[in-house]
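In the UniProt record's numbering, the protein residues as written are 1 to 468.
Written out as C-alpha coordinates, the structure is:
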(Lines of atoms letter the chains of each structure in order from A and count residues from 1; the text may use other names and numbers.)
(Lines give C-alpha, C1' and ligand atoms only; values in the text may rest on other atoms or scores of the structure.)
Protein backbone atom coordinates (compact mmCIF):
# COMPACT_ATOMS: atom_id res chain seq x y z
CA UNK A 1 0.00 0.00 0.00
CA UNK A 2 2.81 2.37 0.93
CA UNK A 3 4.54 1.54 -2.34
CA UNK A 4 1.41 2.45 -4.28
CA UNK A 5 1.10 5.76 -2.45
CA UNK A 6 4.75 6.64 -3.10
CA UNK A 7 4.37 5.73 -6.77
CA UNK A 8 1.33 7.98 -7.09
CA UNK A 9 3.20 10.84 -5.45
CA UNK A 10 6.13 10.44 -7.87
CA UNK A 11 3.81 10.37 -10.87
CA UNK A 12 1.97 13.43 -9.57
CA UNK A 13 5.28 15.29 -9.18
CA UNK A 14 6.40 14.38 -12.69
CA UNK A 15 3.05 15.52 -14.09
CA UNK A 16 3.35 18.80 -12.22
CA UNK A 17 6.84 19.41 -13.62
CA UNK A 18 5.70 18.59 -17.16
CA UNK A 19 2.72 20.92 -16.84
CA UNK A 20 4.93 23.71 -15.53
CA UNK A 21 7.39 23.22 -18.40
CA UNK A 22 4.59 23.23 -20.95
CA UNK A 23 3.14 26.43 -19.52
CA UNK A 24 6.60 28.04 -19.54
CA UNK A 25 7.14 27.15 -23.20
CA UNK A 26 3.69 28.40 -24.18
CA UNK A 27 4.10 31.63 -22.24
CA UNK A 28 7.55 32.20 -23.76
CA UNK A 29 6.17 31.67 -27.25
CA UNK A 30 3.32 34.05 -26.57
CA UNK A 31 5.63 36.62 -24.99
CA UNK A 32 8.10 36.55 -27.90
CA UNK A 33 7.00 39.27 -30.35
CA UNK A 34 6.90 38.70 -34.09
CA UNK A 35 9.93 39.89 -36.01
CA UNK A 36 10.10 42.02 -39.14
CA UNK A 37 13.33 42.28 -41.13
CA UNK A 38 14.03 45.73 -42.62
CA UNK A 39 16.34 45.98 -45.64
CA UNK A 40 17.28 49.28 -47.28
CA UNK A 41 18.25 50.12 -50.87
CA UNK A 42 19.45 53.69 -51.20
CA UNK A 43 21.01 54.50 -54.57
CA UNK A 44 21.65 52.67 -57.82
CA UNK A 45 21.01 48.93 -57.76
CA UNK A 46 24.20 47.00 -58.41
CA UNK A 47 25.97 43.76 -57.45
CA UNK A 48 26.51 44.91 -53.86
CA UNK A 49 22.84 45.78 -53.31
CA UNK A 50 21.75 42.52 -54.90
CA UNK A 51 24.04 40.47 -52.66
CA UNK A 52 22.83 42.40 -49.60
CA UNK A 53 19.12 41.88 -50.38
CA UNK A 54 19.48 38.21 -51.36
CA UNK A 55 21.36 37.39 -48.16
CA UNK A 56 18.97 39.53 -46.11
CA UNK A 57 15.94 37.62 -47.38
CA UNK A 58 17.68 34.30 -46.66
CA UNK A 59 18.52 35.50 -43.14
CA UNK A 60 14.90 36.54 -42.55
CA UNK A 61 13.74 33.04 -43.47
CA UNK A 62 16.30 31.52 -41.08
CA UNK A 63 15.31 33.87 -38.24
CA UNK A 64 11.61 33.13 -38.70
CA UNK A 65 10.61 36.69 -39.57
CA UNK A 66 6.94 37.40 -40.26
CA UNK A 67 7.77 39.87 -43.00
CA UNK A 68 10.61 41.48 -44.94
CA UNK A 69 10.22 45.19 -45.63
CA UNK A 70 12.42 46.38 -48.49
CA UNK A 71 12.71 50.16 -48.20
CA UNK A 72 13.71 51.65 -51.56
CA UNK A 73 14.94 54.93 -52.96
CA UNK A 74 16.62 54.18 -56.27
CA UNK A 75 17.01 55.71 -59.75
CA UNK A 76 17.39 52.22 -61.21
CA UNK A 77 20.31 49.90 -61.72
CA UNK A 78 21.83 46.98 -63.54
CA UNK A 79 19.57 44.38 -65.11
CA UNK A 80 21.52 41.43 -63.68
CA UNK A 81 21.38 42.82 -60.15
CA UNK A 82 17.66 43.60 -60.46
CA UNK A 83 16.85 40.09 -61.66
CA UNK A 84 18.87 38.54 -58.82
CA UNK A 85 16.76 40.48 -56.30
CA UNK A 86 13.51 39.56 -58.05
CA UNK A 87 14.43 35.86 -58.10
CA UNK A 88 15.13 36.00 -54.36
CA UNK A 89 11.74 37.67 -53.74
CA UNK A 90 9.80 35.18 -55.88
CA UNK A 91 11.40 32.18 -54.14
CA UNK A 92 11.23 33.63 -50.62
CA UNK A 93 9.22 31.70 -47.99
CA UNK A 94 8.82 35.02 -46.16
CA UNK A 95 6.52 37.66 -47.71
CA UNK A 96 8.37 40.73 -48.99
CA UNK A 97 6.81 44.19 -48.85
CA UNK A 98 8.61 46.77 -50.99
CA UNK A 99 8.11 50.28 -49.64
CA UNK A 100 9.18 53.39 -51.56
CA UNK A 101 10.16 55.75 -48.78
CA UNK A 102 10.86 58.22 -47.23
CA UNK A 103 8.95 61.09 -48.79
CA UNK A 104 10.67 62.35 -51.91
CA UNK A 105 12.08 58.91 -52.76
CA UNK A 106 11.51 57.12 -56.06
CA UNK A 107 11.45 53.61 -57.47
CA UNK A 108 12.45 54.31 -61.05
CA UNK A 109 13.50 51.80 -63.68
CA UNK A 110 14.73 48.66 -61.87
CA UNK A 111 12.93 49.77 -58.70
CA UNK A 112 9.59 49.52 -60.53
CA UNK A 113 10.24 45.90 -61.47
CA UNK A 114 11.19 45.01 -57.88
CA UNK A 115 8.05 46.72 -56.56
CA UNK A 116 5.88 44.72 -58.96
CA UNK A 117 7.64 41.46 -57.98
CA UNK A 118 7.05 41.96 -54.25
CA UNK A 119 4.18 40.28 -52.41
CA UNK A 120 3.10 43.69 -51.09
CA UNK A 121 3.74 47.07 -52.75
CA UNK A 122 3.57 50.32 -50.81
CA UNK A 123 4.68 53.92 -51.19
CA UNK A 124 5.08 56.87 -48.89
CA UNK A 125 3.33 60.16 -49.72
CA UNK A 126 5.40 62.30 -52.06
CA UNK A 127 7.17 59.39 -53.77
CA UNK A 128 7.11 58.29 -57.42
CA UNK A 129 7.32 55.11 -59.45
CA UNK A 130 7.85 54.37 -63.15
CA UNK A 131 10.18 55.28 -66.03
CA UNK A 132 11.09 51.62 -66.46
CA UNK A 133 12.44 51.72 -70.03
CA UNK A 134 15.79 49.86 -70.28
CA UNK A 135 18.42 52.59 -70.31
CA UNK A 136 21.38 50.88 -71.94
CA UNK A 137 19.50 50.14 -75.17
CA UNK A 138 20.13 53.60 -76.58
CA UNK A 139 23.40 55.38 -77.13
CA UNK A 140 23.80 59.07 -76.44
CA UNK A 141 22.91 59.92 -80.01
CA UNK A 142 19.68 57.93 -80.22
CA UNK A 143 16.50 59.95 -80.58
CA UNK A 144 13.10 58.78 -79.50
CA UNK A 145 9.99 59.27 -81.58
CA UNK A 146 8.86 62.08 -79.30
CA UNK A 147 12.18 63.91 -79.75
CA UNK A 148 11.81 63.62 -83.52
CA UNK A 149 8.24 64.90 -83.38
CA UNK A 150 9.27 67.93 -81.37
CA UNK A 151 12.37 68.69 -83.43
CA UNK A 152 12.01 71.83 -85.58
CA UNK A 153 11.19 70.99 -89.18
CA UNK A 154 9.86 67.52 -88.39
CA UNK A 155 6.87 66.34 -90.44
CA UNK A 156 5.52 64.31 -87.52
CA UNK A 157 2.22 65.71 -86.18
CA UNK A 158 2.94 67.22 -82.77
CA UNK A 159 0.10 65.37 -81.04
CA UNK A 160 1.18 61.94 -82.28
CA UNK A 161 3.37 59.79 -80.04
CA UNK A 162 5.71 57.42 -81.87
CA UNK A 163 7.62 56.25 -78.81
CA UNK A 164 5.79 52.95 -79.00
CA UNK A 165 7.80 51.92 -82.06
CA UNK A 166 11.51 51.93 -81.22
CA UNK A 167 13.89 52.58 -84.07
CA UNK A 168 16.16 49.54 -84.22
CA UNK A 169 15.51 45.81 -84.08
CA UNK A 170 17.75 45.50 -81.02
CA UNK A 171 15.83 48.27 -79.27
CA UNK A 172 12.49 46.61 -80.01
CA UNK A 173 13.83 43.28 -78.84
CA UNK A 174 14.98 44.62 -75.49
CA UNK A 175 11.88 46.75 -74.90
CA UNK A 176 9.56 43.86 -75.72
CA UNK A 177 11.48 41.56 -73.40
CA UNK A 178 11.31 44.07 -70.55
CA UNK A 179 7.60 44.72 -71.16
CA UNK A 180 6.79 41.00 -71.11
CA UNK A 181 8.84 40.55 -67.94
CA UNK A 182 7.09 43.28 -65.95
CA UNK A 183 3.65 42.26 -67.31
CA UNK A 184 4.28 38.74 -66.05
CA UNK A 185 5.19 40.07 -62.60
CA UNK A 186 2.07 42.26 -62.54
CA UNK A 187 -0.19 39.36 -63.46
CA UNK A 188 1.43 37.17 -60.81
CA UNK A 189 0.69 39.73 -58.09
CA UNK A 190 -2.69 40.86 -59.45
CA UNK A 191 -1.63 44.43 -60.15
CA UNK A 192 -2.17 46.79 -63.07
CA UNK A 193 -0.34 45.07 -65.95
CA UNK A 194 -1.33 47.62 -68.62
CA UNK A 195 0.26 50.51 -66.76
CA UNK A 196 3.34 48.37 -66.05
CA UNK A 197 3.82 47.87 -69.78
CA UNK A 198 3.34 51.60 -70.41
CA UNK A 199 6.05 52.31 -67.83
CA UNK A 200 8.42 50.27 -69.99
CA UNK A 201 7.34 51.39 -73.45
CA UNK A 202 6.53 55.05 -72.73
CA UNK A 203 8.60 55.68 -69.57
CA UNK A 204 5.55 57.05 -67.71
CA UNK A 205 5.61 57.68 -63.96
CA UNK A 206 3.05 57.95 -61.14
CA UNK A 207 2.76 59.56 -57.74
CA UNK A 208 1.82 57.46 -54.72
CA UNK A 209 -1.84 58.51 -54.81
CA UNK A 210 -2.14 57.82 -58.54
CA UNK A 211 -0.42 54.45 -58.15
CA UNK A 212 -2.88 53.41 -55.43
CA UNK A 213 -5.85 54.55 -57.52
CA UNK A 214 -4.68 52.60 -60.59
CA UNK A 215 -3.97 49.42 -58.64
CA UNK A 216 -0.21 49.60 -59.07
CA UNK A 217 0.42 49.43 -55.30
CA UNK A 218 -1.51 48.07 -52.33
CA UNK A 219 -0.95 50.68 -49.61
CA UNK A 220 0.24 54.18 -48.83
CA UNK A 221 2.19 54.36 -45.56
CA UNK A 222 4.42 57.05 -44.10
CA UNK A 223 7.08 54.70 -42.76
CA UNK A 224 7.88 51.07 -42.04
CA UNK A 225 6.07 50.99 -38.69
CA UNK A 226 2.92 52.43 -40.25
CA UNK A 227 3.11 49.84 -43.03
CA UNK A 228 3.57 47.01 -40.53
CA UNK A 229 0.52 48.22 -38.60
CA UNK A 230 -1.56 48.32 -41.81
CA UNK A 231 -0.64 44.71 -42.61
CA UNK A 232 -1.89 43.24 -39.31
CA UNK A 233 -4.27 40.36 -40.02
CA UNK A 234 -3.78 40.51 -43.80
CA UNK A 235 -3.43 37.30 -45.81
CA UNK A 236 -0.64 37.03 -48.38
CA UNK A 237 -0.04 34.28 -50.93
CA UNK A 238 3.51 32.97 -50.52
CA UNK A 239 4.73 30.16 -52.79
CA UNK A 240 1.13 29.13 -53.43
CA UNK A 241 0.10 29.09 -49.76
CA UNK A 242 -1.89 31.73 -47.87
CA UNK A 243 -0.03 33.23 -44.92
CA UNK A 244 -1.70 35.29 -42.18
CA UNK A 245 0.44 38.23 -41.04
CA UNK A 246 0.81 39.21 -37.37
CA UNK A 247 2.77 42.43 -37.60
CA UNK A 248 1.24 44.77 -35.03
CA UNK A 249 3.79 45.41 -32.29
CA UNK A 250 6.39 43.31 -34.10
CA UNK A 251 10.07 44.01 -33.45
CA UNK A 252 11.64 45.62 -36.53
CA UNK A 253 15.20 44.34 -37.04
CA UNK A 254 17.18 46.70 -39.26
CA UNK A 255 19.78 44.69 -41.21
CA UNK A 256 22.66 46.98 -42.16
CA UNK A 257 25.16 46.15 -44.91
CA UNK A 258 28.13 44.22 -43.54
CA UNK A 259 31.81 44.51 -44.51
CA UNK A 260 31.32 42.17 -47.47
CA UNK A 261 28.58 44.34 -48.95
CA UNK A 262 30.57 47.53 -48.36
CA UNK A 263 33.69 46.04 -49.97
CA UNK A 264 31.65 44.81 -52.92
CA UNK A 265 30.10 48.26 -53.30
CA UNK A 266 33.57 49.81 -53.46
CA UNK A 267 35.21 47.46 -55.95
CA UNK A 268 32.15 47.30 -58.23
CA UNK A 269 32.17 51.06 -58.66
CA UNK A 270 33.49 51.61 -62.21
CA UNK A 271 35.62 54.53 -61.01
CA UNK A 272 37.25 52.48 -58.24
CA UNK A 273 37.67 49.48 -60.56
CA UNK A 274 39.49 51.68 -63.09
CA UNK A 275 41.74 53.14 -60.38
CA UNK A 276 42.53 49.65 -59.05
CA UNK A 277 43.37 48.53 -62.58
CA UNK A 278 45.64 51.54 -63.08
CA UNK A 279 47.49 50.93 -59.80
CA UNK A 280 47.76 47.25 -60.70
CA UNK A 281 49.22 47.96 -64.13
CA UNK A 282 51.81 50.42 -62.82
CA UNK A 283 52.67 48.18 -59.87
CA UNK A 284 53.50 45.31 -62.22
CA UNK A 285 55.26 47.68 -64.59
CA UNK A 286 57.56 48.98 -61.83
CA UNK A 287 58.23 45.40 -60.75
CA UNK A 288 59.24 44.52 -64.32
CA UNK A 289 61.52 47.56 -64.50
CA UNK A 290 63.12 46.90 -61.09
CA UNK A 291 62.98 43.14 -60.45
CA UNK A 292 63.27 42.23 -56.79
CA UNK A 293 61.48 45.27 -55.38
CA UNK A 294 58.60 42.88 -54.47
CA UNK A 295 56.26 45.51 -52.95
CA UNK A 296 55.14 47.08 -56.28
CA UNK A 297 54.52 43.64 -57.75
CA UNK A 298 52.51 42.41 -54.76
CA UNK A 299 50.40 45.57 -54.54
CA UNK A 300 49.92 45.64 -58.30
CA UNK A 301 48.82 42.01 -58.46
CA UNK A 302 46.31 42.45 -55.61
CA UNK A 303 44.84 45.62 -57.14
CA UNK A 304 44.61 44.03 -60.58
CA UNK A 305 42.81 40.94 -59.22
CA UNK A 306 40.35 43.12 -57.27
CA UNK A 307 39.71 45.20 -60.38
CA UNK A 308 39.07 42.08 -62.46
CA UNK A 309 36.68 40.71 -59.83
CA UNK A 310 34.75 43.98 -59.75
CA UNK A 311 34.59 44.25 -63.53
CA UNK A 312 33.25 40.73 -64.01
CA UNK A 313 30.20 41.78 -61.98
CA UNK A 314 29.59 44.83 -64.20
CA UNK A 315 28.29 45.13 -67.79
CA UNK A 316 31.73 45.33 -69.39
CA UNK A 317 32.36 46.17 -73.04
CA UNK A 318 34.89 43.52 -74.08
CA UNK A 319 36.40 45.74 -76.75
CA UNK A 320 37.23 48.28 -74.04
CA UNK A 321 38.68 45.55 -71.83
CA UNK A 322 40.78 44.26 -74.74
CA UNK A 323 42.17 47.76 -75.30
CA UNK A 324 43.15 47.99 -71.63
CA UNK A 325 44.89 44.60 -71.82
CA UNK A 326 46.70 45.82 -74.95
CA UNK A 327 47.73 48.92 -73.01
CA UNK A 328 49.19 46.68 -70.29
CA UNK A 329 51.17 44.74 -72.91
CA UNK A 330 52.54 47.91 -74.52
CA UNK A 331 53.55 49.40 -71.18
CA UNK A 332 55.28 46.16 -70.17
CA UNK A 333 57.07 46.11 -73.55
CA UNK A 334 58.26 49.66 -72.86
CA UNK A 335 59.90 48.38 -69.67
CA UNK A 336 61.76 45.57 -71.48
CA UNK A 337 62.33 47.19 -74.89
CA UNK A 338 62.89 50.93 -74.31
CA UNK A 339 61.53 52.77 -77.33
CA UNK A 340 61.94 56.28 -75.88
CA UNK A 341 58.24 56.46 -74.99
CA UNK A 342 56.70 55.29 -78.28
CA UNK A 343 55.31 52.04 -76.86
CA UNK A 344 54.39 53.81 -73.64
CA UNK A 345 52.42 56.52 -75.44
CA UNK A 346 50.69 53.86 -77.52
CA UNK A 347 49.77 52.11 -74.28
CA UNK A 348 48.37 55.34 -72.85
CA UNK A 349 46.23 55.91 -75.96
CA UNK A 350 44.90 52.34 -75.77
CA UNK A 351 44.22 52.72 -72.04
CA UNK A 352 42.25 55.95 -72.49
CA UNK A 353 40.16 54.51 -75.33
CA UNK A 354 39.52 51.32 -73.37
CA UNK A 355 38.56 53.20 -70.20
CA UNK A 356 36.00 55.31 -72.07
CA UNK A 357 34.46 52.19 -73.63
CA UNK A 358 34.80 49.91 -70.60
CA UNK A 359 31.33 50.10 -69.01
CA UNK A 360 28.54 49.23 -71.43
CA UNK A 361 25.63 51.12 -69.86
CA UNK A 362 24.13 54.59 -69.64
CA UNK A 363 22.76 54.08 -66.13
CA UNK A 364 23.38 56.88 -63.62
CA UNK A 365 26.19 56.14 -61.21
CA UNK A 366 27.91 53.65 -63.51
CA UNK A 367 29.78 55.96 -65.85
CA UNK A 368 33.51 56.62 -65.68
CA UNK A 369 34.24 60.36 -65.32
CA UNK A 370 36.12 61.74 -68.30
CA UNK A 371 38.10 63.92 -65.91
CA UNK A 372 39.46 60.82 -64.17
CA UNK A 373 40.47 59.25 -67.48
CA UNK A 374 42.16 62.49 -68.50
CA UNK A 375 44.04 62.72 -65.19
CA UNK A 376 45.30 59.14 -65.56
CA UNK A 377 46.36 59.84 -69.15
CA UNK A 378 48.27 63.00 -68.19
CA UNK A 379 49.99 61.28 -65.26
CA UNK A 380 50.95 58.35 -67.49
CA UNK A 381 52.26 60.67 -70.21
CA UNK A 382 54.41 62.55 -67.69
CA UNK A 383 55.75 59.28 -66.32
CA UNK A 384 56.74 57.96 -69.73
CA UNK A 385 58.15 61.35 -70.75
CA UNK A 386 60.41 61.23 -67.70
CA UNK A 387 61.38 57.65 -68.54
CA UNK A 388 62.20 58.59 -72.14
CA UNK A 389 64.27 61.57 -70.97
CA UNK A 390 66.34 59.39 -68.65
CA UNK A 391 66.80 56.82 -71.43
CA UNK A 392 68.08 59.47 -73.87
CA UNK A 393 70.54 60.87 -71.32
CA UNK A 394 71.78 57.39 -70.57
CA UNK A 395 72.29 56.65 -74.25
CA UNK A 396 74.42 59.76 -74.78
CA UNK A 397 76.57 59.02 -71.73
CA UNK A 398 79.92 57.27 -72.18
CA UNK A 399 80.05 53.66 -71.09
CA UNK A 400 81.20 53.23 -67.51
CA UNK A 401 81.39 49.43 -67.56
CA UNK A 402 83.03 46.78 -69.73
CA UNK A 403 86.59 45.58 -70.24
CA UNK A 404 87.48 48.12 -72.93
CA UNK A 405 86.53 50.98 -70.64
CA UNK A 406 89.15 49.85 -68.10
CA UNK A 407 92.00 51.03 -70.32
CA UNK A 408 93.42 54.16 -68.70
CA UNK A 409 92.06 53.36 -65.27
CA UNK A 410 94.36 53.76 -62.27
CA UNK A 411 94.49 50.88 -59.80
CA UNK A 412 96.40 49.84 -56.70
CA UNK A 413 98.30 46.60 -56.25
CA UNK A 414 96.73 44.48 -53.52
CA UNK A 415 99.31 41.70 -53.47
CA UNK A 416 102.15 40.49 -55.66
CA UNK A 417 102.38 37.06 -57.22
CA UNK A 418 105.11 34.47 -57.42
CA UNK A 419 106.59 36.24 -60.44
CA UNK A 420 107.88 39.80 -59.74
CA UNK A 421 106.02 41.36 -62.68
CA UNK A 422 102.68 39.68 -61.87
CA UNK A 423 100.23 40.82 -59.18
CA UNK A 424 96.58 41.31 -58.20
CA UNK A 425 95.06 44.80 -58.35
CA UNK A 426 91.72 46.41 -57.43
CA UNK A 427 90.26 47.93 -60.63
CA UNK A 428 86.83 49.60 -60.77
CA UNK A 429 85.53 47.70 -57.76
CA UNK A 430 86.85 44.33 -58.98
CA UNK A 431 90.01 42.32 -58.34
CA UNK A 432 91.98 41.55 -61.51
CA UNK A 433 95.22 39.74 -62.28
CA UNK A 434 97.70 42.23 -63.78
CA UNK A 435 101.07 41.90 -65.50
CA UNK A 436 103.77 44.46 -66.25
CA UNK A 437 107.12 44.57 -68.00
CA UNK A 438 108.70 45.73 -64.75
CA UNK A 439 108.56 44.41 -61.22
CA UNK A 440 105.51 45.32 -59.16
CA UNK A 441 105.24 46.01 -55.42
CA UNK A 442 102.43 45.98 -52.85
CA UNK A 443 100.42 49.22 -52.57
CA UNK A 444 101.96 50.47 -55.83
CA UNK A 445 99.72 52.50 -58.15
CA UNK A 446 99.51 51.35 -61.76
CA UNK A 447 97.66 52.30 -64.93
CA UNK A 448 95.84 49.84 -67.20
CA UNK A 449 97.14 49.97 -70.79
CA UNK A 450 95.64 46.83 -72.29
CA UNK A 451 94.15 43.40 -71.81
CA UNK A 452 95.08 39.86 -72.79
CA UNK A 453 92.23 37.51 -72.03
CA UNK A 454 91.49 37.86 -68.35
CA UNK A 455 94.81 39.52 -67.52
CA UNK A 456 95.26 43.30 -67.57
CA UNK A 457 98.48 44.89 -68.77
CA UNK A 458 99.65 47.74 -66.53
CA UNK A 459 102.49 50.21 -66.13
CA UNK A 460 103.54 51.91 -62.90
CA UNK A 461 102.23 55.42 -62.34
CA UNK A 462 104.96 58.03 -61.93
CA UNK A 463 105.08 60.06 -58.74
CA UNK A 464 104.19 63.33 -60.46
CA UNK A 465 101.17 61.77 -62.32
CA UNK A 466 97.72 62.33 -60.81
CA UNK A 467 95.77 59.13 -60.26
CA UNK A 468 92.05 58.75 -60.25
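Ideal placement from N, C-alpha and C gives every residue a C-beta, glycine not left out.
Using only CA atoms, which one of 383, 321, 378, 342 lies nearest to residue 356? Relative to residue 356, the option among 383, 321, 378, 342 whose CA is nearest is 321.
Going along the chain, which residues of its own chain have a beta-carbon closer than 7 Å to the beta-carbon of residue 461, five neighbours each way excluded? 410, 445, 446, 447, 467
List the endpoints of the continuous alpha helix (DSSP H) containing residue 174. 169 to 189
Just curious, the beta strand (DSSP E) that residue 445 is in, first and last residue? 445 to 452
With 16 other Cβ atoms within 10 Å as the buried cut-off, status of residue 454: Under the 10 Å beta carbon count, residue 454 is surrounded by fewer than 16 other beta carbons and is classified as exposed.
Rounded to the nearest angstrom, how far is the Cβ of residue 268 from that of residue 314, given a contact under 8 Å? 6 Å
Once the 5 residues before and after residue 333 are set aside, which same chain residues still bring their CB inside 7 Å of it? 343
Helix, strand or coil for residue 202? Go by DSSP, reduced to three states. Coil, per DSSP.
Should the segment 44 to 52 be called in touch with the segment 254 to 269, which here means at least 3 C-beta pairs below 8 Å? Yes, the segment 44 to 52 touches the segment 254 to 269.
Pairing CB atoms from the segment 55 to 74 with CB atoms from the segment 89 to 100, are three or more of them under 8 Å? yes
Is the segment 416 to 425 close to the segment 372 to 386, with three or more CB pairs under 8 Å? no
Reference residue 280; option with closest CA among 257, 308, 262, 260: 308
Could you give the distance in angstroms between the alpha-carbon of residue 275 and the alpha-carbon of residue 126? Separation of residue 275 and residue 126 (C-alpha to C-alpha, rounded to the nearest whole angstrom) is 38 Å.
Any idea what DSSP makes of residue 241, helix, strand or coil? strand
Does the beta carbon of residue 205 come closer than 8 Å to any beta carbon on chain C? The chain labelled as chain C is not found in the depicted structure, where only one protein chain is given.
Is residue 233 near residue 245, with beta carbons less than 8 Å apart? yes
Which residue's Cα is closest to the Cα of residue 122: 207, 88, 175, 86? 207
Could you have a look at residue 428 and say whether DSSP puts it in helix, strand or coil? coil
Identify every run of the alpha helix (DSSP H) within the UniProt domain "NfeD1b N-terminal" (41 to 140), keeping only runs that are complete inside it and at least 4 residues long; order them along the chain. 47 to 63, 79 to 90, 110 to 117
Take residue 99 as the anchor and find which of 41, 386, 79, 88 has the nearest alpha-carbon. Cα-wise, what sits closest to residue 99 is 41.
Beta-carbon proximity list for residue 301, same chain, < 8 Å, skipping 5 on both sides: The beta carbon of residue 301 lies closer than 8 Å to those of 280, 283, 284 in the same chain, with the five residues before and after it left out.
Are the CB atoms of residue 86 and residue 114 within a distance shorter than 8 Å? yes
Helix or strand or just coil, what does DSSP make of residue 411? The answer is strand: DSSP assigns residue 411 an E or B state.
When DSSP labels each residue in this structure, what does residue 380 get in the three-state scheme? helix
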